[in-house]
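Asks: Structure incoming, see below.
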Amino acid sequence: MGVPGAWDDPQAMQERGQELSRLRGELDDLQALERRTADARELADLGAGDPDLEQQVAADCEQVAQELDRRELDLLYADPYADHPALLGVHAGAGGTDAQDWAEMLLRMYLRWADGHRLKAELLEQSEGEEAGLKSATVRIAGPRAYGRLRAEKGVHRLVRISPFDSQHRRHTAFALVEVDPEIPDTVQVEVDEDQVRTDVYRSSGAGGQHVNKTSSAVRLTHVPTGIVVAIQNERSQQQNRAVAWTVLRSRLLARQREQRAQHLADIKGDVASPEWGNQIRSYVLQPYTMVKDLRTGHEVGNVQGVLEGDLDGFIDAFLRWDSGRRTAA
Numbered sequence: 403m404g405v406p407g408a409w410d411d412p413q414a415m416q417e418r419g420q421e422l423s424r425l426r427g428e429l430d431d432l433q434a435l436e437r438r439t440a441d442a443r444e445l446a447d448l449g450a451g452d453p454d455l456e457q458q459v460a461a462d463c464e465q466v467a468q469e470l471d472r473r474e475l476d477l478l479y480a481d482p483y484a485d486h487p488a489l490l491g492v493h494a495g496a497g498g499t500d501a502q503d504w505a506e507m508l509l510r511m512y513l514r515w516a517d518g519h520r521l522k523a524e525l526l527e528q529s530e531g532e533e534a535g536l537k538s539a540t541v542r543i544a545g546p547r548a549y550g551r552l553r554a555e556k557g558v559h560r561l562v563r564i565s566p567f568d569s570q571h572r573r574h575t576a577f578a579l580v581e582v583d584p585e586i587p588d589t590v591q592v593e594v595d596e597d598q599v600r601t602d603v604y605r606s607s608g609a610g611g612q613h614v615n616k617t618s619s620a621v622r623l624t625h626v627p628t629g630i631v632v633a634i635q636n637e638r639s640q641q642q643n644r645a646v647a648w649t650v651l652r653s654r655l656l657a658r659q660r661e662q663r664a665q666h667l668a669d670i671k672g673d674v675a676s677p678e679w680g681n682q683i684r685s686y687v688l689q690p691y692t693m694v695k696d697l698r699t700g701h702e703v704g705n706v707q708g709v710l711e712g713d714l715d716g717f718i719d720a721f722l723r724w725d726s727g728r729r730t731a732a
């Protein structure tokens, strides 16, 4: 940061300053851990045979072990876009109205998770279901390791419960697809031929006030060669929605490019699964028993309500370890 002329590009220096702050924080934490370990060793030597001191040493060692476990997880964020904002999309799949309701429940779960980790969540687009729930929604979640953590969630999610929309109170199964892509900054070049992108404008739907509903402020971009469609209606002006839509489109196109390059770069998108039976990565069972189980890692918990309120860290940590082991084996 002290190189002459470095401040000629303020935006680049701002990003470099953020990186410096992050690295200093990591270094401070590691040095503090080193000191705590040395103190525990000294206390163990002094307290040999003293039950009270031995109990204190055991407690200190347990704290150090927990911190080391957390540090081990930090090493698993190997993806180059781990610290980028995540563009998370939820799409109702098989299951009719139950699937649309399930999509809304998942969106709420991720918003609760983001709020619990003090990450900034911004709803970019949502399409409401005919009777209840959502057909689809896109949210931008920004903060430390946003994409690095949320990439664990991409795939098909399955819900089993007594349907509130069935007058006979029968058990129903519903599916929803979760897509997660890293937001790509303007400094990363993604080749997009504007002649191959069709732009449509239309009136926004849903809540938002008279201005949102009476003007053609919503923007839909369709990348004709790939069929990727991005619709944004959250902002008040068409110009703002257009800018956000292009950012999302570029991010999804980069994900597609990385998917097509080679197997070690295919992790951004993975296999595109149809949101229906047999393709799920995780099952949420409310009837006849309660359990959430990730079918990739085997991690499961019985507190379904806690998970739906945003308690996802156990599943995310298990995925990171599972994915690291898979990469090592490959």
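Numbering-wise (this note's numbering), the sequence shown opens with residue 403 and increments by one.
All residues carry an ideal CB built from backbone N, CA and C; glycine is no exception.
Is Lys-522 buried or exposed, if buried means 16 or more other CB atoms sit within 10 Å of its CB?
Replies: By one-based count along the sequence shown, residue 522 stands at place 120. Classification of Lys-522: exposed, given that the 10 Å Cβ count is below 16.
Asks: Rounded to a whole number of angstroms, what is the C-alpha to C-alpha distance between Arg-573 and Tyr-686?
Replies: If you number the sequence shown from 1, residue 573 lands on position 171. If you number the sequence shown from 1, residue 686 lands on position 284. About 13 angstroms.
Asks: Give every residue of the same chain whose Cβ lies closer than 6 angstroms to the Cβ of Trp-648, excluding the five residues on either side of it in the sequence, and list them in chain order.
Replies: The sequence position of residue 648 within the sequence shown is 246, counting from 1. No residues qualify anywhere along the chain.
Asks: Considering only C-alpha positions, which residue in the set Asp-715, Glu-593, Arg-563 is nearest to Pro-690?
Replies: What you label residue 690 is simply residue 288 of the sequence shown in a count that begins at 1. The residue with the shortest Cα to Cα distance from Pro-690 is Arg-563.
Asks: So the alpha helix (DSSP H) Phe-567 belongs to, where does it begin and stop?
Replies: Translated into positions along the sequence shown, residue 567 becomes position 165. Run containing Phe-567: none; DSSP gives neither H nor E here.
Asks: Give every residue of the same chain whose Cβ lies closer than 7 angstroms to the Cβ of Val-703, excluding the five residues on either side of it in the sequence, and list them in chain order.
Replies: Looking up residue 703 in the sequence shown gives position 301. If we look at Val-703 and ignore the five residues flanking it on each side, its Cβ neighbours are Val-694, Val-709, Gly-716.
Asks: Go to Gln-416, then tell me how far its alpha helix (DSSP H) extends in each direction, as first and last residue.
Replies: Locating residue 416 in the sequence shown gives position 14, counting from the first residue. Run containing Gln-416: 412 to 448, per the alpha helix (DSSP H) assignment.
Asks: Per DSSP, which one or two residues make a beta bridge with Leu-552?
Replies: Residue numbering aside, residue 552 sits at position 150 when the sequence shown is read from its first letter. DSSP, once it has assigned bridges, lists no residue as partnering Leu-552.
Asks: Are the stretch 519 to 535 and the stretch 463 to 472 in contact at 8 angstroms, needing three or more beta carbon pairs?
Replies: The stretch 519 to 535 vs the stretch 463 to 472: no contact.
Asks: Rounded to the nearest angstrom, what separates Leu-579 and Asp-602 at their Cα positions?
Replies: Taking the first residue of the sequence shown as position 1, residue 579 is located at position 177. Taking the first residue of the sequence shown as position 1, residue 602 is located at position 200. Cα to Cα, the separation comes out at about 25 angstroms.
Asks: Taking contact to mean at least 3 C-beta pairs separated by less than 8 angstroms, is the stretch 449 to 466 in contact with the stretch 489 to 509?
Replies: Too few Cβ pairs lie closer than 8 angstroms, so no.
Asks: Return the CA-CA distance between Val-733 and Arg-660, expressed in angstroms with no decimal places.
Replies: The question about residue 733 has no answer, for the chain in this structure spans 403 to 732.
Asks: Let me know the secondary structure DSSP gives Met-403 once reduced to three states.
Replies: As a position in the sequence shown, residue 403 is number 1, starting the count at 1. Looking at Met-403 - three-state DSSP - the assignment turns out to be coil, as it is neither helix nor strand.
Asks: Which class does Gly-727 belong to by DSSP, given the choice of helix, strand or coil?
Replies: The residue you call residue 727 lines up with position 325 of the sequence shown. Reduced to three states, the DSSP call for Gly-727 is helix.
Asks: Alpha carbon to alpha carbon, what distance is there between Gly-451 and Leu-552?
Replies: On the sequence shown, residue 552 is found 150 positions in, with the first residue counted as 1. On the sequence shown, residue 451 is found 49 positions in, with the first residue counted as 1. About 48 angstroms.
Asks: Which residue wins for smallest C-alpha separation from Lys-556, given the options Asp-410, Met-415, Asp-696?
Replies: What you label residue 556 is simply residue 154 of the sequence shown in a count that begins at 1. Ranking the options by Cα distance to Lys-556, first place goes to Asp-696.
Asks: In this structure, does DSSP put Ala-484 in helix, strand or coil?
Replies: The residue you call residue 484 lines up with position 82 of the sequence shown. Three-state result, Ala-484: coil.
Asks: Taking the C-alpha atoms as reference points, what is the distance between Asn-636 and Asn-705?
Replies: The residue labelled residue 636 in the question sits at position 234 within the sequence shown. The residue labelled residue 705 in the question sits at position 303 within the sequence shown. The straight-line gap from Cα to Cα measures roughly 34 angstroms.
Asks: Could you tell me which residues DSSP pairs with Ala-578 in its beta bridges?
Replies: Within the sequence shown, numbered from 1, the residue matching residue 578 stands at position 176. Beta-bridge pairing links Ala-578 to Ala-494, His-559.
Asks: For Arg-654 and Val-582, what's the separation of their Cα atoms in angstroms?
Replies: The residue you call residue 654 lines up with position 252 of the sequence shown. The residue you call residue 582 lines up with position 180 of the sequence shown. Those two C-alpha atoms are separated by around 9 angstroms.
Asks: At what residues does the beta strand (DSSP E) containing Asp-597 begin and finish?
Replies: Here residue 597 refers to the residue found at position 195 when the sequence shown is read from its first residue. Premise fails: Asp-597 is in no beta strand (DSSP E) and is neither H nor E.
Asks: My guess is that Asp-481 and Pro-546 are in contact by the Cβ rule of under 8 angstroms, so how many angstroms apart are they, rounded?
Replies: As a first step, residue 481 is located in the sequence shown; it is residue number 79 there, counting from the start. As a first step, residue 546 is located in the sequence shown; it is residue number 144 there, counting from the start. Not quite, the Cβ-Cβ distance comes to about 14 angstroms (not below 8 angstroms), so this is no contact.
Asks: Using alpha carbons as the reference points, say which of Leu-714, Glu-527, Arg-520 lies closest to Ala-544.
Replies: Residue mapping note: residue 544 aligns to position 142 of the sequence shown, counting from 1. Nearest of Leu-714, Glu-527, Arg-520 to Ala-544, Cα basis: Arg-520.
Asks: Assuming Ser-565 contacts Ala-494 under a Cβ cut-off of 8 angstroms, what Cβ separation, rounded to an integer in Å, is found between them?
Replies: Numbered from its first residue, the sequence shown carries residue 565 at position 163. Numbered from its first residue, the sequence shown carries residue 494 at position 92. Between Ala-494 and Ser-565 the Cβ distance is about 14 angstroms, and since that is not below 8 angstroms, they are no contact.
Asks: Gln-665: buried (16+ other C-beta within 10 angstroms of its C-beta) or exposed?
Replies: In the sequence shown, residue 665 corresponds to position 263, counting from 1. Reliability of the predicted coordinates at Gln-665 is poor, the pLDDT of 44 falling under 50, and the value obtained from them is presented with this limitation in mind. Label assigned to Gln-665: exposed.
Asks: Straight-line CA distance for Glu-524 to Val-621?
Replies: Taking the first residue of the sequence shown as position 1, residue 524 is located at position 122. Taking the first residue of the sequence shown as position 1, residue 621 is located at position 219. Roughly 17 angstroms between the two C-alpha positions.
Asks: Within 10 angstroms of the Cβ of Ala-548, are there 16 or more other Cβ atoms? Answer buried if so, exposed if not.
Replies: The residue you call residue 548 lines up with position 146 of the sequence shown. With 16 or more Cβ atoms within 10 Å of its Cβ, Ala-548 is classed as buried.
Asks: Determine the closest residue to Thr-624 out of Arg-652, Arg-638, Gly-700, with distance taken between C-alpha atoms.
Replies: Here residue 624 refers to the residue found at position 222 of the sequence shown. With distances taken between Cα atoms, Thr-624 lies closest to Arg-652.
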